[in-house]
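Novice:
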Amino acid sequence: MAVDPPGGFFGIMPALSEGLGLKIVTFYPPNAERGIPTHMATIFLVDPETGTPLAVMDGTFITEMRTAAVSAAATKLLASPKAKVLAILGSGVQARSHVDALRLVRDFEEIRVWSQTPEHAERFAGEIGAKAMSAETAVRDADVVVTATNSKMSILSGAWLKPGCHVNAVGACRPDWRELDDEAMANVVFVDSREGAMKESGDVILSGAKIYAELGEALAGKVPSRADETTIFKSLGMAVEDIAAALLVYRSATAPAPRRQ
Numbered sequence: 000m001a002v003d004p005p006g007g008f009f010g011i012m013p014a015l016s017e018g019l020g021l022k023i024v025t026f027y028p029p030n031a032e033r034g035i036p037t038h039m040a041t042i043f044l045v046d047p048e049t050g051t052p053l054a055v056m057d058g059t060f061i062t063e064m065r066t067a068a069v070s071a072a073a074t075k076l077l078a079s080p081k082a083k084v085l086a087i088l089g090s091g092v093q094a095r096s097h098v099d100a101l102r103l104v105r106d107f108e109e110i111r112v113w114s115q116t117p118e119h120a121e122r123f124a125g126e127i128g129a130k131a132m133s134a135e136t137a138v139r140d141a142d143v144v145v146t147a148t149n150s151k152m153s154i155l156s157g158a159w160l161k162p163g164c165h166v167n168a169v170g171a172c173r174p175d176w177r178e179l180d181d182e183a184m185a186n187v188v189f190v191d192s193r194e195g196a197m198k199e200s201g202d203v204i205l206s207g208a209k210i211y212a213e214l215g216e217a218l219a220g221k222v223p224s225r226a227d228e229t230t231i232f233k234s235l236g237m238a239v240e241d242i243a244a245a246l247l248v249y250r251s252a253t254a255p256a257p258r259r260q
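Under numbering that gives the first Met the number 0, the sequence shown has 220 at position 221, and the numbering climbs by one with no breaks.
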């Protein structure tokens, strides 16, 4: 549901897997100017056997972590094992969580940062031990690229991409928004959900890109990963990821305390 003014979105995301529940999420890009999160969420978890409410928990941090975790899984599968240079386009919470998660699957020697607000890029780079620079300079020769911006028009050119690099495209979650140009989207494209991408991803819809596979299909070995080619993972996020993460939180919070000897 669009909330205009001020230009926000309100969504409800239900899912059933091992757990059952829903996430209520708001996305307000103007919040960036107020110094508060653009994404905020609450997760409601219930018992799938009885429908009994189990927990209501903050979903903002879970959203940050599970999004980056999925990108890390994609990077582990699709990026070169020798990847040494990471480029981050963006400087918000998703940019930060992606740095933390991707460092767990690759040993980066250099991290480059670009943001639409140069002072944000400089501050973010200083906090994570990176270098701030132009988008093109950051992306050229990078082994792994993350786009995590609120941009409504492409900020990544396919001409900049190193052959064989891997891109995690996290922003542009509306059908008329995009972060990657047509040339970038002409590479091997993975999505988290075909159905979701064809309805919500401007990068896919506006470029007419052909979706090669869902990431889960490659992780399950149902299709070749094509990891030696230039790969794009277009991430939109799925409710099943939120519920799986929330279930981990719930089990950790309710686990019996170890007995003292």
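Note that the Cβ used here is the ideal one computed from N, Cα and C, for glycine as well.
Can you check whether the CB of Arg105 is closer than 8 Å to the CB of Ala68?
Specialist: no
Novice: Who are the near neighbours of Glu135 in its chain, counting only those whose CB is closer than 8 Å to its CB and skipping five residues on each side?
Specialist: Taken in chain order, the residues that qualify are Ser156, Trp159.
Novice: Anyone know if the C-beta pair for Ala226 and Leu21 falls short of 8 Å?
Specialist: no
Novice: Going by DSSP in three states, Arg111 sits in which element: helix, strand or coil?
Specialist: strand
Novice: Just verifying my parser: in three-state terms, what is the DSSP assignment at Met132?
Specialist: coil
Novice: Looking at Asn149: is its Cβ nearer than 8 Å to the Cβ of Ala31?
Specialist: yes
Novice: Do you know offhand how far Ala124's Cα is from Arg111's?
Specialist: 8 Å
Novice: At which residue ranges does the region 80-126 contain complete alpha helix (DSSP H) runs of 4 or more residues, listed in the order of the chain?
Specialist: 92-101
Novice: Gly163 and Glu108 - do their beta-carbons sit closer together than 8 Å?
Specialist: no
Novice: Could you spell out where the beta strand (DSSP E) holding Ala54 opens and where it closes?
Specialist: 52-57
Novice: Suppose contacts are defined by Cβ-Cβ distances below 8 Å. Is Asp180 in contact with Ser224 by that definition?
Specialist: No, the pair does not count as a contact, with Cβ atoms beyond the cut-off.
Novice: Determine, using beta carbons only, whether Glu17 and Ala243 come nearer to each other than 8 Å.
Specialist: yes
Novice: How is Gly170 classed by DSSP in three states: helix, strand or coil?
Specialist: coil
Novice: What three-state label does DSSP hand Asp254 in the structure shown?
Specialist: Going by the sequence as given, residue 254 is Ala instead of Asp. Three-state result, Ala254: coil.
Novice: Which full runs of the alpha helix (DSSP H) of 4+ residues lie inside the region 202-245, going along the chain?
Specialist: 214-218
Novice: Assuming contact is defined by CB atoms lying nearer than 8 Å, are His165 and Val138 in contact in what I supplied?
Specialist: No; because the gap between Cβ atoms is not below 8 Å, this pair is not in contact.
Novice: Counting C-beta neighbours from all protein chains within 10 Å, is the total for Lys233 16 or more, i.e. buried, or is it exposed?
Specialist: Buried is the call here.
Novice: Name the two residues that bound the continuous beta strand (DSSP E) containing Met0.
Specialist: It is not in any beta strand (DSSP E) - Met0 carries neither H nor E in the DSSP assignment.
Novice: Look at Ala171 and Ile231 and say whether their C-beta atoms are less than 8 Å apart.
Specialist: no
Novice: Examine the Cβ distances between the region 196-216 and the region 242-257 and report whether three or more of them are shorter than 8 Å.
Specialist: Three or more Cβ pairs closer than 8 Å define a contact, and the region 196-216 falls short of that threshold against the region 242-257.
Novice: Per the DSSP calculation, Lys22 is bridged to which residue(s)?
Specialist: Met12, Ile42
Novice: How many angstroms separate the CA atom of Asp99 from the CA atom of Leu85?
Specialist: 12 Å
Novice: Assign Phe9 to one of two classes, buried (16 or more other C-beta atoms within 10 Å of its C-beta) or exposed (fewer than that).
Specialist: Here Phe9 is exposed, its C-beta having fewer than 16 other C-beta atoms within 10 Å.
Novice: For Tyr27, tell me which candidate among Gly7, Leu19, Gly220, Glu194 has the shortest Cα-Cα distance.
Specialist: Gly7
Novice: Suppose you measure from the CA of Asn167 to the CA of Val145; what does that come to, to the nearest Å?
Specialist: Per the coordinates, the alpha-carbon of Asn167 lies some 5 Å from the alpha-carbon of Val145.
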